[in-house]
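J.: First the structure, then my questions, so here it is.
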Amino acid sequence: MKKTRTRFAPSPTGYMHIGNLRTALYEYLIAKSQGGDFLLRIEDTDQERYVEGALDVVFNTLKATGIDYDEGPGKEGDCGPYIQSQRRDIYKKYAEILVEKGAAYYCFCTKERLESLKTSDEALGTGFNYDRHCRDLDPEVVAMNLAAGIPYVIRQKMPLTGTTTFTDAVYGDITVENKTLDDQVLLKSDGLPTYNFANVVDDHLMGITHVVRGNEYLSSTPKYNLLYEAFGWDIPVYVHCAPIMKDEHHKLSKRNGDASFFDLVAKGYLPEAILNYICLLGWSPSGNEEFYTLGELEKVFSISGISKSPAIFDIEKLTWMNGEYIKRMDDDRFLGLTLGTVEDVFKNAGAAVPAPEVLKKIALLVKTRISTLAEIPEKIGFLAALQDYDTELYCHKKMKTDREISLKALGIIEKAFGDSPEVKENFVSDKIYEFLLGVAAENELKNSQLLWPLRTAVSGLPATPGGATELAEILGYDETMRRIADGIARLS
Ligand code: GLU
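If you want my numbering, it's the 1-based position in the sequence shown plus 46.
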């Protein structure tokens with residue numbers, strides 16, 4: 047059996063669409079699950095669409111997600127170059143071979159002529175199909191035109207009768223009437239191939255066994271089949287995937303402003319969570335497990351799990367999954383990803399940057415309380431700068447507090463802290479907590495009647511990551527005392 051070889055073949059547009067990334071992932075997983083090779087090929091023959099820096103977006107996305115290619119730009123194998131604009135001569139040669147075989151022909155129609163055909167087709171309400179004007183030109187005329195340097199394209203000569211059938215691994219057998227197929231351009235007048243030609247030539251020369259792509263290519267696949275047949279080449283396994291939808295009626299798209307891979311990363315989503323989530327959009331594992339590392343997917347992925355029906359991209363589900371990934375991440379990696387952000391929160395607020403061990407405590411305090419990394423600043427901002435707050439926050443039925451009790455409680459805490467050098471010297475959550483329970487008992491107050499006002503005074507928030515004494519420890523003795531005094535002033 048032939049070694050499985052798949053390829054990701056992006057056109058460098060400068061934007062890694064979520065659907066493209068899923069295609070790359072499926073190609074990669076098919077290769078890896080079958081012990082095969084995964085290639086990267088850059089499809090840049092449409093020079094009008096060239097975007098500066100677009101290749102880096104492709105490379106960086108694959109790097110960030112761990113989708114490593116075995117061959118491609120920068121990792122030359124036996125089938126290079128892997129950038130189509132550097133393969134120009136190859137396509138020309140194969141287009142000419144097709145002409146010799148009678149499966150393609152030179153076309154010298156001018157732009158103006160084609161435009162007028164298009165206009166009349168539009169007027170008739172039919173889609174544009176070339177009228178095959180040059181299909182049967184006398185070979186002598188062709189030779190003369192070529193010798194005279196008249197610009198030409200090479201077109202595929204479709205059979206005019208009969209049908210073409212191909213099998214797709216997801217959609218099954220599909221049959222089309224050959225007479226409906228357009229004599230499409232294979233080689234353009236600038237000497238570069240169209241996608242429709244280049245993909246076939248390259249997939250063959252690169253030994254590709256499985257082609258995964260969006261189902262918008264299904265209708266062109268019979269034309270590719272006819273090309274493979276004309277050359278006498280093996281037809282790869284076609285795996286067409288249903289689109290990823292924004293909602294029931296709209297596809298995810300750049301034009302609609304839908305997030306790209308790097309937009310999601312910038313919004314605080316982890317590459318491994320994004321990858322896990324999008325893998326499940328269009329593929330179902332055999333069991334109920336939803337969480338997979340890339341390494342696990344390499345073992346369990348199978349083409350038979352790919353679905354025909356479009357899946358809706360549900361940002362809430364991704365957000366939930368991302369939160370789970372953050373919770374399960376080991377602390378060191380989490381700190382590596384977030385300490386800079388935590389530090390910036392203090393710098394941006396013009397506050398003193400806490401000591402490294404305090405920054406770590408702050409980061410770990412939010413680790414189990416966020417769904418995306420982007421939530422960190424808003425969750426911890428109060429530690430850098432206390433915002434104005436409504437003293438209504440002190441009144442909490444369940445905690446049995448109101449303004450009066452809170453004012454009294456803060457006064458008691460302020461005095462108790464001030465009178466106890468041992469608390470000040472060892473200002474850590476457990477000790478403060480124990481100490482305050484004693485203070486509450488002495489003053490015949492419920493624990494909550496001290497802890498709630500303290501929490502409110504140090505945070506100014508109705509909900510906080512961490513309890514009163516954890517926050518006090520992070521703020522340190524001096525800042526805690528300042529905020530208690532501020533609370534007293536607000537309540538007085
Ligand atoms: N260059 C095509 C695209 O980006 C690739 C389609 C394919 O994988 O064959 O849509």
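We put the beta carbon where it would ideally sit given N, CA and C, even for glycine.
All figures in this text were calculated on a predicted structure; none of them were measured in a lab.
Going by DSSP in three states, F463 sits in which element: helix, strand or coil?
T.: helix
J.: Between the alpha carbons of L521 and L429, how many angstroms are there, rounded?
T.: 7 Å
J.: Find out if the Cβ-Cβ distance for the pair A150, R201 is shorter than 8 Å.
T.: yes
J.: Between the beta-carbon of G351 and the beta-carbon of W329, is there less than 8 Å?
T.: yes
J.: What is the DSSP secondary structure of R133, counted as helix, strand or coil?
T.: coil
J.: What residue range does the beta strand (DSSP E) around V103 cover?
T.: Run containing V103: none in the beta strand (DSSP E); it sits in the alpha helix (DSSP H), 100-111.
J.: Can you have a look at Q433 and say buried or exposed, based on whether 16 or more other CB atoms are within 10 angstroms of its CB?
T.: exposed
J.: So, C325 versus L343, is the Cβ gap smaller than 8 Å?
T.: Yes. Within cutoff.
J.: Taking its Cβ as the centre, do 16 or more other Cβ atoms sit within 10 Å of P508, making it buried, or is it exposed?
T.: exposed
J.: Which of the three DSSP states is assigned to T387 in this structure?
T.: helix
J.: Beta strand (DSSP E) containing T1: first to last residue?
T.: An answer regarding residue 1 cannot be provided, because it is not within the stretch 47 to 538 covered by the chain.
J.: Do S79 and K345 have their C-beta atoms within less than 8 Å of each other?
T.: yes
J.: Just verifying my parser: in three-state terms, what is the DSSP assignment at Q80?
T.: Q80: coil per DSSP, three-state reduction.
J.: Anyone know if the C-beta pair for L411 and E516 falls short of 8 Å?
T.: yes
J.: Mind the definition here: the stretch 488-500 touches the stretch 458-465 only if three or more C-beta pairs lie below 8 Å; say whether that holds.
T.: yes
J.: Measuring alpha carbon to alpha carbon, tell me which residue in Y61, T226, K109 is nearest N175.
T.: T226
J.: Out of curiosity, what's the CA-to-CA distance linking R379 and G386?
T.: 13 Å
J.: If I'm right that T209 touches T221 with Cβ under 8 Å, what's the distance once you round it to whole angstroms?
T.: 5 Å
J.: I'd like to confirm the pairing. Which residues does DSSP put opposite V222 in its beta bridges?
T.: V222 pairs with T210.
J.: Taking Cβ to Cβ, would you say H256 is nearer than 8 Å to V285?
T.: At the C-beta level, H256 and V285 come within 8 Å of one another.
J.: I'd like the span of the alpha helix (DSSP H) that includes L238, first residue to last.
T.: Segment: none, L238 is in no alpha helix (DSSP H) and carries neither H nor E.
J.: Please return the same chain residues whose Cβ sits closer than 6 Å to the Cβ of Y371, not counting the five positions on each side in sequence.
T.: L316, A319.
J.: Is E117 close to the ligand GLU? I mean its beta-carbon at under 7 Å from any heavy atom of the ligand.
T.: no
J.: Secondary structure at A357, three-state DSSP: helix, strand or coil?
T.: Note: A357 maps to strand in three-state DSSP.
J.: Does the ligand GLU have a heavy atom nearer than 7 Å to the CB of P56?
T.: yes
J.: Under the criterion of a Cβ to heavy atom distance below 7 Å, does Y241 qualify as lining the ligand GLU?
T.: Yes, since a heavy atom of the ligand GLU falls inside the 7 Å radius drawn around the Cβ of Y241.
J.: Please tell me whether, using a cut-off of 7 Å, the distance from the CB of V103 to the nearest non-hydrogen atom of the ligand GLU is below it.
T.: no
J.: Taking its Cβ as the centre, do 16 or more other Cβ atoms sit within 10 Å of Q28, making it buried, or is it exposed?
T.: The question about residue 28 has no answer, for the chain in this structure spans 47 to 538.
J.: Is V188 near the ligand GLU, with its Cβ less than 7 Å from a heavy atom?
T.: no
J.: For a test of the three-state rule: what should DSSP assign to G540, helix, strand or coil?
T.: Nothing can be reported for residue 540: it is not among the residues displayed for the chain, which extend from 47 to 538.
J.: Please work out which residues of its chain come closer than 8 Å, Cβ to Cβ, to S353, disregarding the five sequence neighbours upstream and downstream, and give them in chain order.
T.: V216, A288, G328, W329, S330
J.: Would you say the beta carbon of N106 comes nearer than 7 Å to a heavy atom of the ligand GLU?
T.: no
J.: Return helix, strand or coil for Y152, following the three-state DSSP convention.
T.: strand
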